[in-house]
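Residue numbers (my numbering): 660 to 1265.
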């Protein structure tokens, strides 16, 4: 046998101790290759793989390797490096500093797993592969969360399902960052639940196909896992809200009402008499709104029913409250009921009350909205959602001024002024047999149409100032105003969700703002998309006026669609044919631009 053919023999066999050292080196090497920096910021979570010997510069804009749109960061803020299996961080002379476990980094420092790194106000941690797999962060940005909320709310309404939402934060302001407890929350969620960072200390959770009781059970499980260290605001659709924007708002306000003694707060029921998202108070700057409020002053002195038409979120409740305040009943209550947010089997009980034993769960006698508002005003919001049987009962109340509690035959006299509001086309519903024509005649003695926010952009600045003041008071913030560039973007956005959408955007901007004024970076992504001006090249090769290409294209498309709809007398099929578009495409583009004729019934299965 030649030397080449002889088997290889170890002259010095490896000892058990050497093998153990070798395996430890293998394990350490594997961990070094799978370390990651997890960054929590206003637009969600960013996972940055760390590679041995390579540094990563974190900053607000290029040439930083990882850019995060946050004004608290410098352009090149800090450097993070994996070297010989250890993670190191170095501040790059940033304005707002780099912090490690609450101490400012003055020189290169070693970072251990689970240490808390802070760049300005952006928080980050270092994780190994095993830790990352266990946590499965999967956090959405707030904008992605809001879009999913819209889709799930539409699906829930279409199929008569429930939808719940939780908002969570640490029990004390300035308490542990959500990364300390968010993994425990995620382990309790189902694969199709969604979770996102609302702000630096608040998390929002979307729970589809869950009613209020199921949401309470989830909240209880979260409290148990956190040992009572969290606070939670809870709301569900349709129990507490009728739309995605309203659900987000009432959940947020429920969280704001929590305390040490009451760490879990549910949103008020639609019949609780509390105002919702349209309660900003009248802001009148446009000619259209001036005409509306001139009519409000005249109607306030009368007792006739008023039908208020307008898209969701335009401020119909504000109009109703102004009518009530200006009339003879102003010293009596006004109770606002969202008819679309009451389960069908409870509508009559909510409006007219019930007797003990009238139905399962009726453990005692209860007054309804009409009795509670006796002498005052009742606003029936989204009245187009009333079931047929309740429409008959409401017609009788209008005719006789008497109500009958569920489970009783005794009539009770009530003296209330009825105001109604809807975004639906009630006349079209009457033709389709979905709404009683005689009830419509009793309700629309006088009709007021509230223009959408996109038709009154000159009111946006005043509304923003009002919402900033309100958000400062509620959240204990100190935001002074809004930057001119940010205000211009707000004025150019189409606001399909109207005043409620603006209010939600400003509320979040206030709680995430780092500077004294709200900046462009604090606005929702769908508004920021209108930024990025493009230079137009003139024929001679020079630069012309800067334009915003995306914004201009949106504006032109919106105008073309509106012109086609007007020419077709708002017949969508004719407008789609004239535009050369499929009907579904036209419907989607109308939704994207927030184009909707006041009271125009949305497509159903077209």
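By construction, the Cβ of each residue, glycine as well, lies at the ideal position given by its N, Cα and C atoms.
Which residue or residues does DSSP assign as beta-bridge partners of residue i?
i            : result
residue 1036 : 993 and 1076
residue 1140 : 1176
residue 1108 : 968
residue 824  : 865 and 894
residue 759  : 762 and 776
residue 698  : 705 and 783
residue 799  : 855
residue 750  : 737
residue 886  : Answer by DSSP bridge pairing: none, since residue 886 is not bridged.
residue 718  : 726
residue 1042 : Answer by DSSP bridge pairing: none, since residue 1042 is not bridged.
Suppose the cutoff is 6 Å on Cβ atoms and the five residues either side in sequence are ignored; what does the same chain contact list for residue i look like?
i            : result
residue 827  : 862, 889 and 891
residue 749  : 738 and 767
residue 899  : 909 and 926
residue 1284 : What the structure shows of the chain is the stretch from 660 to 1265, and residue 1284 is not part of that stretch, so it cannot be assessed.
residue 794  : Any reading at residue 794 is ruled out, since the residue's pLDDT is 44, under 50, leaving its predicted position unreliable.
residue 1133 : 915
residue 1102 : 964, 966 and 1079
residue 1144 : 1179
residue 728  : 1180
residue 1175 : 1139
residue 714  : 738 and 740
Have a look at residue i and residue j and give me their C-alpha separation to the nearest angstrom.
i            : j            : result
residue 896  : residue 979  : 23 Å
residue 666  : residue 675  : For residue 666, the predicted model reports a pLDDT of 43, less than 50, meaning its position is unreliable; a value from the coordinates is still stated below. Between residue 666 and residue 675, the C-alpha separation is close to 23 Å.
residue 692  : residue 1160 : In this predicted model, residue 692 has a pLDDT of only 49, less than 50, meaning its place in the structure is not dependable enough to derive any value.
residue 725  : residue 1031 : 58 Å
residue 1093 : residue 1017 : 27 Å
residue 1046 : residue 1064 : 17 Å
residue 1178 : residue 711  : 37 Å
residue 856  : residue 1090 : 46 Å
residue 956  : residue 982  : 7 Å
residue 901  : residue 999  : 6 Å
residue 763  : residue 1171 : 22 Å
residue 1247 : residue 921  : 43 Å
residue 1087 : residue 1110 : 20 Å
residue 986  : residue 952  : 14 Å
residue 758  : residue 1152 : 37 Å
residue 1050 : residue 1027 : 16 Å
residue 1057 : residue 1069 : 17 Å
residue 1022 : residue 1128 : 43 Å
residue 1062 : residue 1002 : 20 Å
residue 1245 : residue 1106 : 29 Å
residue 950  : residue 1157 : 19 Å
residue 778  : residue 696  : 13 Å
residue 802  : residue 1235 : 30 Å
residue 1228 : residue 1238 : 14 Å
Kindly indicate which residue of the options has the alpha-carbon position closest to the one of residue i.
i            : options                  : result
residue 700  : 741, 784 and 709         : 784
residue 919  : 1051, 830 and 1081       : 830
residue 1241 : 1228, 1220 and 733       : 1220
residue 851  : 808, 1184 and 859        : 808
residue 975  : 995, 880 and 990         : 995
residue 948  : 801, 1113 and 840        : 1113
residue 1108 : 734, 966, 722 and 806    : 966
residue 752  : 1006, 1062, 772 and 733  : 733
residue 1007 : 1052, 1041 and 823       : 1052
residue 872  : 885, 822, 848 and 854    : 822
residue 1019 : 984, 859 and 1066        : 1066
residue 1168 : 1183, 1154 and 1157      : 1183
residue 1043 : 1010, 1227, 1081 and 800 : 1081
residue 834  : 1123, 1122, 859 and 815  : 859
residue 735  : 838, 814, 720 and 771    : 720
residue 1099 : 968, 1155, 1147 and 972  : 968
residue 1014 : 1025, 1005 and 1004      : 1025
residue 1038 : 1054, 708 and 977        : 977
residue 1072 : 1115, 1011 and 844       : 1011
residue 884  : 912, 961 and 848         : 848
Among the residues of its own chain, which have a CB less than 7 Å from the CB of residue i, if the five just before and after it don't count?
i            : result
residue 1117 : 944 and 945
residue 754  : 733
residue 1163 : 904, 907 and 908
residue 787  : 690, 693, 694 and 772
residue 1150 : 1116 and 1119
Please list, in chain order, all residues of the same chain as residue i whose beta carbon is under 8 Å from its beta carbon, the five residues on each side excluded.
i            : result
residue 774  : 759, 760, 784 and 785
residue 825  : 863, 864, 866, 874, 877, 878, 881, 891, 892, 893 and 910
residue 1148 : 1179, 1182, 1186, 1187, 1189 and 1190
Tell me, please, whether the CB atom of residue i is closer than 8 Å to any CB atom in chain C?
i            : result
residue 1140 : The chain inventory of the structure shown lacks chain C, comprising one protein chain alone.
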